[in-house]
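> Could you have a look at this structure, given as structure tokens, before my questions?
Residue numbers (this note's numbering): 68 to 194.
As structure tokens, then:
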């Protein structure tokens, strides 16, 4: 499930990103997507590839990793994100939900640290 008014476009400095044609209210589910869960051993291999930047730590102990399907890998990071993601470890799903109103034409961003307001330094230089 994904809101029907979303689209992917190029950003000024982050490559592709997810945008909305219509406004989104705070607290609205933007996207739900299944994930492919992989083991810690597979994570070691993925960390040696470009996919490292698109996988999520997975499980209560973060001992696995997951590749989200849908558009979730395309959402860019922001320390002032307008959405956040949630994980359902039992069912194997990820959700993106708005944390504030999002205007038409605005890029939808998530904080890669997990919580929308987490300021921890990332593994890359965030723009």
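Ideal Cβ placement from N, Cα and C applies to all residues, glycine included.
Where does residue 191 fall in DSSP's three states?
Here residue 191 refers to the residue found at position 124 of the chain shown. Bear in mind that a pLDDT of 43 at residue 191, under 50, signals an unreliable position, so the model cannot answer this.
> If you draw a straight line from the C-alpha of residue 159 to the C-alpha of residue 103, how long is it?
Locating residue 159 in the chain shown gives position 92, where the first residue counts as 1. Locating residue 103 in the chain shown gives position 36, where the first residue counts as 1. The alpha-carbon atoms of residue 159 and residue 103 are separated by roughly 8 angstroms.
> If contacts are defined as beta-carbon pairs under 8 angstroms, then residue 165 and residue 149 qualify, I think. What distance do you get, rounded to the angstrom?
As a first step, residue 165 is located in the chain shown; it is residue number 98 there, counting from the start. As a first step, residue 149 is located in the chain shown; it is residue number 82 there, counting from the start. So it is a contact: roughly 6 angstroms between Cβ atoms.
> DSSP state of residue 152, grouped into three classes?
Taking the chain shown and counting its residues from 1, the one referred to as residue 152 is at position 85. Residue 152: strand per DSSP, three-state reduction.
> Would you kindly work out how many angstroms separate the C-alpha atoms of residue 147 and residue 107, rounded to a whole number?
Against the chain shown, residue 147 aligns to sequence position 80. Against the chain shown, residue 107 aligns to sequence position 40. The straight-line gap from Cα to Cα measures roughly 30 angstroms.
> For residue 75, count the other beta carbons within 10 Å of its own beta carbon; 16 or more makes it buried, fewer makes it exposed. Which is it?
As a first step, residue 75 must be located in the chain shown, where it is residue number 8. Its Cβ having fewer than 16 others within 10 Å, residue 75 is exposed.
> If you draw a straight line from the C-alpha of residue 162 to the C-alpha of residue 98, how long is it?
Position 95 of the chain shown holds residue 162. Position 31 of the chain shown holds residue 98. Rounded to whole angstroms, residue 162 to residue 98 spans 6 angstroms at the Cα level.
> For residue 111, report the span of its beta strand (DSSP E) as first-last.
Taking the chain shown and counting its residues from 1, one reaches residue 111 at position 44. That residue, residue 111, is in no beta strand (DSSP E); its alpha helix (DSSP H) goes 107 to 113.
> Who are the near neighbours of residue 143 in its chain, counting only those whose CB is closer than 6 angstroms to its CB and skipping five residues on each side?
Mapped onto the chain shown, residue 143 falls at position 76. So the list reads 81, 84, 176, once near-sequence residues are dropped.
> Under DSSP, the beta strand (DSSP E) around residue 125 begins and ends at which residues?
Along the chain shown, one-based indexing puts residue 125 at 58. It spans 122 to 125 - the beta strand (DSSP E) in which residue 125 sits, taken as one unbroken run.
> Quick one: what's residue 81 bridged to in DSSP?
In the chain shown, the residue the question calls residue 81 occupies position 14. The partner list for residue 81 (beta bridge, DSSP) is empty, contrary to what the question assumes.
> List the DSSP bridge partners of residue 165.
The sequence position of residue 165 within the chain shown is 98, counting from 1. Paired residues: 150.
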